[in-house]
Amino acid sequence: MASAKSKLINLLLSIINKKRFLRKQFASGRSGLFSCPKPPSKIKRSCHVREFQINNRHVFTLRPKNKKENGKHILYLHGGAYVQTFVIFHWEFLAELVNKTGCIVTAPDYPLAPDHTYKESFTLASVLYHQLIAAEDNRHLILMGDSSGGGFALALAQKLKQEHVVQPCQIILLSPWLDITLSNPGIHEVNGFEPFLGIEGLRQAGKKYAGDESPDHYLLSPIYGSFEGLGKISVFIGTKDILVADTRKLKALADQKEIDINYQEYENMFHDWMFLNFPESKKAKEEIIGLIT
Numbered sequence: 001m002a003s004a005k006s007k008l009i010n011l012l013l014s015i016i017n018k019k020r021f022l023r024k025q026f027a028s029g030r031s032g033l034f035s036c037p038k039p040p041s042k043i044k045r046s047c048h049v050r051e052f053q054i055n056n057r058h059v060f061t062l063r064p065k066n067k068k069e070n071g072k073h074i075l076y077l078h079g080g081a082y083v084q085t086f087v088i089f090h091w092e093f094l095a096e097l098v099n100k101t102g103c104i105v106t107a108p109d110y111p112l113a114p115d116h117t118y119k120e121s122f123t124l125a126s127v128l129y130h131q132l133i134a135a136e137d138n139r140h141l142i143l144m145g146d147s148s149g150g151g152f153a154l155a156l157a158q159k160l161k162q163e164h165v166v167q168p169c170q171i172i173l174l175s176p177w178l179d180i181t182l183s184n185p186g187i188h189e190v191n192g193f194e195p196f197l198g199i200e201g202l203r204q205a206g207k208k209y210a211g212d213e214s215p216d217h218y219l220l221s222p223i224y225g226s227f228e229g230l231g232k233i234s235v236f237i238g239t240k241d242i243l244v245a246d247t248r249k250l251k252a253l254a255d256q257k258e259i260d261i262n263y264q265e266y267e268n269m270f271h272d273w274m275f276l277n278f279p280e281s282k283k284a285k286e287e288i289i290g291l292i293t
């Protein structure tokens with residue numbers, strides 16, 4: 001049963017019509033009110049933060065200040081429908097992972113649509129991954145992302161596999177956007193209950209990110225790529241998220257190939273619920289922390 005706090009948040013989201021607000025943002029490609037492209041001061045108080053650049057884009061590495069490092073290193077790709085940068089919830093979530101587990105997190109502010117397409121984003125992510133794998137044992141390197149960043153993370157792993165590059169030990173996908181075509185009929189069954197994401201706003205954002213490439217290309221929609229030979233995949237998704245239709249498809253396709261996926265579906269949870277602070281959020285974060293401890 002959903003907690004009282006999660007029910008209240010669902011109600012508030014429906015009242016303020018967050019879906020309509022995000023649809024306008026995604027369609028325009030303008031930075032949102034909650035954009036936070038760099039770690040704020042409170043994150044720097046709890047973590048050591050290093051900033052550097054790749055291809056004129058900012059990249060941030062967070063290390064624990066008050067906890068021994070556990071040897072795990074996460075390459076984190078943020079969500080935002082490929083048109084929005086980090087928000088404060090990303091930094092709070094990443095700092096919590098760092099401080100509770102002792103892991104290191106590296107998170108790039110990768111190129112975004114409409115000024116860029118997926119090509120520039122993958123160029124940066126590939127360079128960064130190769131830098132990390134040159135310095136880290138792949139048994140300790142984790143790919144993680146939320147929403148569009150989750151789709152990006154899975155597609156990057158598929159690209160690395162095709163290029164015969166060593167895989168990360170884990171790929172952790174949080175409310176991942178796996179198919180920018182949004183053609184799964186199951187999406188419409190959830191759309192009326194989804195308080196955050198709208199189909200049309202996402203579709204427009206996806207087209208901007210794709211540029212002149214077909215939207216069913218696996219680098220844009222990794223649901224159409226191969227899942228064989230990748231790092232261990234974990235998926236966290238809520239039943240009130242329109243993207244659940246494609247995570248269920250991912251699970252079914254993996255089952256057909258006898259590929260083991262750690263699939264966690266949370267009843268009545270909405271998009272990226274794990275970034276907030278109510279019982280179901282805390283439970284999901286505990287499971288994620290368990291994967292990287």
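Numbering-wise (full-length UniProt numbering), the sequence shown opens with residue 1 and increments by one.
Just so you know, even glycine gets a beta-carbon here, dropped at the ideal spot from N, CA and C.
Judged by beta-carbon spacing, L230 lies within the 8 angstroms limit of Q158, meaning their Cβ atoms are closer than that value.
Unbroken beta strand (DSSP E) runs of no fewer than 3 residues, entirely contained in the region 133–179, are found at 141–146, 170–174, following chain order. In the structure shown, T106 falls within a strand segment according to DSSP collapsed to helix, strand and coil.
Annotated three-state conformation of N262 is strand, per DSSP. Taking each of T293, S221, N99 in turn and checking the Cα distance to T181, the smallest one comes out for S221.
Proximity of the region 97–106 to the region 73–83 meets the contact definition, three or more beta-carbon pairs being nearer than 8 angstroms.
Check the Cα spacing between P111 and each of K283, Y218, G149: the tightest is with G149.
Around T61, the same chain offers R50, T106 as residues with beta carbons nearer than 6 angstroms, after the five sequence neighbours per side are excluded. The C-alpha of K65 lies about 29 angstroms from the C-alpha of Q84. Taking Y218 as the centre and dropping the five residues before and after it, the same chain places the C-beta of A155, Q158, Y224, G225 closer than 7 angstroms to its C-beta, in chain order.
According to DSSP, V59 shares a beta bridge with F52, P108. Residue state for H73 is assigned as strand, using DSSP reduced to three classes.
Here S183 is not near H271, since their CB atoms are 8 angstroms or more apart. By the criterion of a C-beta distance shorter than 7 angstroms, N191 is surrounded in its chain by I199, I242, once the five residues flanking it on both sides are discounted. Around the CB of Q53, fewer than 16 other CB atoms lie within 10 Å, so the residue is classed as exposed. For G206, the enclosing alpha helix (DSSP H) has its first and last residue at 199–210. Only exposed fits Q256, as fewer than 16 other CB atoms lie within 10 angstroms of its CB. Distance from the Cα of S46 is smallest, within the candidate group F34, F93, P37, for F93. Within the DSSP bridge table, the entry for S234 names I172, N262 as partners.
Nearest in C-alpha terms to H116, of all of A2, M274, G211, is G211.
C36 has no beta-bridge partner at all, per DSSP. P279 sits in a helix when the DSSP states are folded into three classes. Where H188 is concerned, the enclosing alpha helix (DSSP H) starts and stops at 186–191. In this structure, the CA atom of H140 is about 34 angstroms from the CA atom of K208.
For P64, the pairing in a beta bridge is given by DSSP as C47. Secondary structure at V83: coil, using DSSP grouped into helix, strand and coil. Taking all protein chains in view, the Cβ of K68 is surrounded by fewer than 16 other Cβ atoms within 10 Å, so the residue is classified as exposed. Non-local C-beta neighbours of L132 in its own chain, meaning closer than 7 angstroms and more than five positions away in sequence, comprise H73, L75, T106, L141, ordered along the chain.
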